[in-house]
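Novice: Right, I'll just put the structure down here and ask away after.
There are 2 protein chains.
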Amino acid sequence: MARITSIFSLRNLFVLSLALNVSLILRVVYVSEKHGPFGFPTENKRAPLMADTSETEPEADQRTRLFLPTSSSSVTAPSEVEDDGKRIINLDHGDPTMYEKYWQKMGEKTTIVIPGWQSMSYFSDVKNLCWFLEPEFAKQVVRLHKVVGNAQTEGRHIVVGTGSSQLFLAALFALSPTNGSEPMSVVSASPYYSSYPSMTDYQKSGLYKWAGDAQSFNKPGPYIELVTSPNNPDGFARHSMVNRTGGILVHDLAYYWPQYTPISYQADHDLTLFTVSKTTGHAGIRIGWALVKDVEIAKRMTKFIELNTIGVSKDSQLRAAKVLKVVADSCEQSGSSEYTESFFEFNYHLMAQRWQQLREAVNASGVFSLPGFPPAYCNFHGHILEPQPAFAWLRCENNTEDCESYLRGHKILARGGRHFGVEPNYVRVSMLDRDDNFGAFLKRLSMFQS
Amino acid sequence: MARITSIFSLRNLFVLSLALNVSLILRVVYVSEKHGPFGFPTENKRAPLMADTSETEPEADQRTRLFLPTSSSSVTAPSEVEDDGKRIINLDHGDPTMYEKYWQKMGEKTTIVIPGWQSMSYFSDVKNLCWFLEPEFAKQVVRLHKVVGNAQTEGRHIVVGTGSSQLFLAALFALSPTNGSEPMSVVSASPYYSSYPSMTDYQKSGLYKWAGDAQSFNKPGPYIELVTSPNNPDGFARHSMVNRTGGILVHDLAYYWPQYTPISYQADHDLTLFTVSKTTGHAGIRIGWALVKDVEIAKRMTKFIELNTIGVSKDSQLRAAKVLKVVADSCEQSGSSEYTESFFEFNYHLMAQRWQQLREAVNASGVFSLPGFPPAYCNFHGHILEPQPAFAWLRCENNTEDCESYLRGHKILARGGRHFGVEPNYVRVSMLDRDDNFGAFLKRLSMFQS
């Protein structure tokens with residue numbers, strides 16, 4: 092009898108235990124489903140995508156892209172593009188949307204998750220002179236420069252900015268004497284970046300003043316020279332152009348990356364500017380950085396950003412850190428299988444194909460010409476390469492005085508030479524737009540005949 | 092015999108089943124731990140936190156907070172705080188870390204997930220005069236103002252900025268004549284926000300110049316008056332103080348929210364500034380917005396931000412949109428259960444308790460005094476309330492000339508009256524710091540005796 096009850100109780104316990112198993116199995120399945128393949132809550136993963144669906148693609152498509160070979164044959168050929176000649180092709184800005192393709196390929200690798208209670212404070216690193224610099228961002232900047240070999244970071248202070256534009260202004264502020272009898276002259280050799288004059292003068296600062304083309308600058312006294320290399324708009328490598336000493340140089344190396352130009356030396360300047368926009372294509376993130384040798388200059392630049400915007404978005408710095416990390420990882424893992432190219436290799440091939448297509452279209456037209464660039468050995472790629480700038484510096488050869496208006500007549504928007512301090516028979520065209528827009532531009536060019 | 096084997100097998104099955112239970116229980120525990128309390132992979136959640144661990148609390152603490160009722164009794168009582176008198180208590184800045192508690196409570200509701208290929212372009216909305224304004228952010232700004240009733244958004248243009256600091260500079264730029272014979276005078280009634288003078292003058296702009304206290308301003312000609320209401324540092328409601336017409340007003344309503352002050356009217360000014368930092372506590376996000384009546388002024392402000400930073404971080408705008416949405420949702424769902432308070436109710440109670448504790452400590456000390464505020468009917472809360480500002484405007488009553496130095500002698504860092512254009516026997520103390528720091532401050536105050 093006792094045995095029977097013990098059997099019953101054992102049987103009861105067994106049934107109870109089985110029931111527990113079932114509930115636990117269900118719980119395990121439920122948890123892993125709810126959090127999706129990467130442990131992110133599925134519903135949250137969707138939400139932000141809604142903010143700009145035009146920038147994104149259906150998830151299914153993203154998944155398949157993950158397994159595509161990184162062949163640059165994915166560039167749209169002009170023949171594939173439909174063009175009735177009426178569509179307005181806007182290549183006036185250097186909007187780097189070409190890079191969306193690579194980041195879609197990378198799928199979730201660069202996805203960032205920010206909980207609501209995170210990075211609420213103004214402060215990122217109170218021990219750092221740049222107190223709003225996220226340590227993880229600084230770490231990835233140093234790492235990427237080491238991997239690429241394009242700039243010396245040792246003995247430098249990193250100052251983060253809301254894009255390199257803010258750092259450009261911070262540099263002018265930091266390098267100009269506070270009690271000067273007159274504003275410091277700011278010069279750059281023409282053709283120079285079209286925004287330098289307006290960025291320098293829009294506040295009518297008593298500290299600094301735009302003084303035009305560095306090649307014709309002969310005013311006595313100190314000055315700041317902006318050296319952009321490779322240069323925007325024409326893509327040539329640059330060095331100081333003022334024919335005397337006493338100048339303070341600011342090196343804008345926004346385009347000194349292996350997809351645009353051979354990395355032939357490690358930059359080792361006093362003050363160098365970089366921006367995520369042109370490095371990885373994340374322009375909307377608004378993050379740039381300066382490598383600064385002099386601690387007092389770094390402090391003044393930090394002070395400028397403190398008074399200008401009380402620091403720099405932590406969210407953007409954290410996202411930039413993630414993106415730079417994935418780029419550096421891609422370089423270190425490059426070639427480990429037939430489907431792995433580094434970020435720079437993939438986009439180098441994309442740019443190479445675009446430049447080849449553009450030169451063919453330009454030669455066929457007989458209306459335009461493009462500058463030629465001397466090849467050089469690239470320490471990153473490990474062989475001799477030709478520069479393939481982020482902008483094409485087109486010149487009208489058909490006695491057209493105003494190349495910008497001429498193109499506008501054909502519904503192509505580009506920026507004329509006057510904006511860059513040179514003749515209007517030149518025009519700057521972005522090479523970094525999406526495939527369909529760039530393809531439409533090539534197609535439109537094929538309609539020109541001398 | 093058969094019975095014995097059946098017993099054995101049943102016993103075996105039972106043991107087997109129990110073993111399965113154990114493994115499944117371990118699996119469940121493992122999964123929930125790995126994904127943390129909110130279902131994020133711990134390493135993902137940790138990684139960004141590592142960037143500013145000093146700003147965060149142990150995960151365990153966050154987990155328990157989740158299950159706390161939203162009673163403001165969770166404010167740390169001074170008696171609970173250990174203070175050997177040696178710890179430096181820094182309440183100099185208005186770092187709004189107090190709000191971390193609420194956002195931890197909200198768990199993943201405000202989590203944002205940004206894929207690597209999202210918001211890469213410079214442009215957010217080319218049809219909007221403020222081309223870098225994220226439509227979703229603009230939508231939530233309008234919605235929140237409607238829910239709270241603190242500002243009229245109809246007939247206004249929204250300009251987004253990298254914090255309201257950038258919008259302050261953009262407003263000075265937009266409101267000053269480009270070809271004025273001399274810089275436009277910028278004034279504010281003392282005590283005024285300590286950064287106004289340096290922010291106005293650091294670039295030595297030829298467009299505008301700091302001209303001091305609005306109450307003593309009597310220079311002929313046009314001027315810009317900054318009206319901060321509730322005022323930083325003293326918390327009083329403000330209106331124009333210059334005793335004549337011809338002034339252009341900029342209303343800084345950073346603190347015109349229901350946790351700080353009764354919402355007694357709907358602001359309807361020409362140019363009004365707000366910031367996410369003081370609205371929700373997300374200072375590290377660096378997002379502010381301006382409501383601007385005149386389209387030309389909105390265009391000039393947009394131009395300033397274009398030349399200053401080429402737009403505003405999209406990541407931060409998307410995150411800000413999410414945060415503002417959750418705040419507005421919390422207001423609309425408020426009271427639906429005993430544990431649901433709106434964001435403003437929860438933080439109103441927190442501020443009320445802090446102010447009560449502060450007044451008790453100040454009265455007990457006999458060394459300090461605090462301003463009193465007239466109660467008013469709050470359209471949001473629906474009853475009469477006293478203002479409870481984000482800063483305490485302490486006055487030393489013990490013939491101490493320099494209250495900042497006096498507090499510094501007791502290892503309390505706060506900002507003295509001189510910074511705000513008044514006597515040094517006043518000092519500004521942040522009321523928005525974390526519980527432990529605020530609690531330590533109260534404890535330290537209890538050591539003062541007249």
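Respectively, the protein sequence lines represent chains A and B. For the first sequence, this note's numbering begins at 92 and goes up steadily by one. For the second sequence, this note's numbering begins at 92 and goes up steadily by one. All C-beta atoms in this analysis are idealised placements derived from N, C-alpha and C, irrespective of residue type, glycine included.
Suppose contacts are defined by Cβ-Cβ distances below 9 Å. Is S256 (chain A) in contact with T336 (chain B) by that definition?
Specialist: no
Novice: Mind listing the chain A neighbours of Y293 (chain B)? Cutoff is C-beta to C-beta under 7 Å, in chain order.
Specialist: L398
Novice: How big is the Cα-Cα spacing for I388 (chain A) and A358 (chain A)?
Specialist: 19 Å
Novice: Would you kindly work out how many angstroms separate the C-alpha atoms of Q479 (chain B) and V518 (chain B), rounded to a whole number?
Specialist: 17 Å
Novice: For K300 (chain B), go through chain A and note every residue whose CB falls closer than 7 Å to its CB, in chain order.
Specialist: What K300 (chain B) touches in chain A: nothing, since even the nearest Cβ is about 10 Å away.
Novice: Please list, in chain order, the residues of the region 350-378 of chain B that have any C-beta partner in chain A closer than 7 Å.
Specialist: G372, H373, A374, G375, I376 and R377
Novice: Using the DSSP secondary-structure output, state which residues sit across from V383 (chain A) in a beta bridge.
Specialist: A:H248 and A:L362
Novice: Which residues in the same chain as Y346 (chain B) place their Cβ atom closer than 6 Å to its Cβ, once the five residues preceding and following it in sequence are excluded?
Specialist: Cβ neighbours of Y346 (chain B) beyond the five flanking positions: P321, K369 and A481.
Novice: Going by alpha carbons, who is nearest to Y283 (chain A) out of A:G326, A:L258 and A:H248?
Specialist: A:G326
Novice: Determine, using beta carbons only, whether I376 (chain B) and S210 (chain A) come nearer to each other than 9 Å.
Specialist: A contact, by the Cβ cut-off of 9 Å.
Novice: Quick one: give me the first and last residue of the beta strand (DSSP E) that W301 (chain B) is part of.
Specialist: Its beta strand (DSSP E) spans residues Y299 to D304.
Novice: Is it right to say E124 (chain A) is buried, meaning 16 or more other beta carbons lie within 10 angstroms of its own, or is it exposed?
Specialist: Low local confidence applies: a pLDDT of 33 at E124 (chain A) is under 50, so the model's placement there is unreliable, and no value is given.
Novice: Determine the closest residue to L258 (chain B) out of B:V333, B:N334, B:L364 and B:G508, with distance taken between C-alpha atoms.
Specialist: Looking at B:V333, B:N334, B:L364 and B:G508, the one whose alpha-carbon comes closest to that of L258 (chain B) is B:L364.
Novice: Quick one: what does DSSP say R525 (chain A) is sitting in, helix, strand or coil?
Specialist: Annotated three-state conformation of R525 (chain A) is coil, per DSSP.
Novice: Which word fits R450 (chain B), buried or exposed, when buried means at least 16 other C-beta atoms lie within 10 angstroms of its C-beta?
Specialist: exposed
Novice: Identify the continuous beta strand (DSSP E) that holds W194 (chain A) and give its terminal residues.
Specialist: Per DSSP, W194 (chain A) belongs to no beta strand (DSSP E); it is in the alpha helix (DSSP H), E191 to K196.
Novice: Determine, for F214 (chain A), whether the minimum Cβ-Cβ distance to residues of chain B falls below 9 Å.
Specialist: Among the residues facing chain B, F214 (chain A) is included, as its CB has a counterpart in that chain under 9 Å away.
Novice: Going along chain B in order, which residues have a C-beta closer than 9 Å to the C-beta of H510 (chain A)?
Specialist: Simply none; closest approach about 14 Å.
Novice: With 9 Å as the limit, tell me which residues of the region 174-203 of chain B have their beta carbon closer than that to any beta carbon of chain A; keep them in chain order.
Specialist: Going along the region 174-203 of chain B in chain order, one finds H184, G185, D186, P187, T188, Y190, E191, K192, Y193, W194, Q195, K196, M197, G198, E199, K200, T201, T202 and I203 with a Cβ nearer than 9 Å to chain A.
Novice: Can you list the residues of chain B that R410 (chain A) reaches, using a CB-CB cut of under 7 Å?
Specialist: Within 7 Å of the CB of R410 (chain A), the CB atoms of chain B belong to I205 and D406, in sequence order along the chain.
Novice: Cβ atoms of T366 (chain A) and V414 (chain A): under 9 Å apart, would you say?
Specialist: no
Novice: List, in chain order, every chain B residue whose beta-carbon is nearer than 7 Å to that of Q257 (chain A).
Specialist: N399 and T400
Novice: Flag this pair as yes or no: are the beta carbons of W484 (chain A) and P324 (chain A) separated by less than 9 Å?
Specialist: yes
Novice: Check each candidate in B:D183, B:M189, B:G176 and B:F529 and name the one with the smallest Cα separation from N438 (chain B).
Specialist: B:M189
Novice: Is the beta carbon of V233 (chain B) closer than 9 Å to that of I354 (chain B)?
Specialist: no
Novice: Return the residues of the region 225-257 of chain A that lie within a Cβ-Cβ distance of less than 7 Å from chain B, sorted by chain order.
Specialist: From the region 225-257 of chain A, only E225, P226, E227, T253, G254, S256 and Q257 have a Cβ closer than 7 Å to chain B.
Novice: Let me know if G500 (chain B) comes out buried or exposed under the rule of 16 or more other beta-carbons within 10 Å of its beta-carbon.
Specialist: exposed
Novice: Is it right to say G185 (chain A) is buried, meaning 16 or more other beta carbons lie within 10 angstroms of its own, or is it exposed?
Specialist: buried
Novice: Would you tell me roughly how many angstroms separate the C-alpha atoms of Y193 (chain A) and D420 (chain A), rounded to the nearest one?
Specialist: 14 Å
Novice: Can the beta-carbon of A381 (chain B) be found less than 9 Å from the beta-carbon of G254 (chain B)?
Specialist: no
Novice: Pop quiz: G207 (chain A) and T201 (chain B) are said to be a contact at Cβ under 8 Å. What is the actual Cβ separation, rounded to whole angstroms?
Specialist: 3 Å
Novice: Report yes if the CB atom of D524 (chain B) is closer than 9 Å to the CB atom of F511 (chain B), and no otherwise.
Specialist: no
Novice: Just to make sure I have the definition right: I need the residues of chain B whose C-beta is within less than 8 Å of the C-beta of L260 (chain A). Which are they?
Specialist: N399
Novice: Could you check whether G402 (chain A) and Q294 (chain B) sit closer than 9 Å to each other, using their CB atoms as the reference points?
Specialist: no
Novice: Measuring alpha carbon to alpha carbon, tell me which of B:A305, B:I315, B:R329 and B:V217 ends up nearest L260 (chain B).
Specialist: B:I315
Novice: Quick one: is T431 (chain B) buried, meaning 16 or more other Cβ sit within 10 Å of its Cβ, or exposed?
Specialist: Label assigned to T431 (chain B): exposed.
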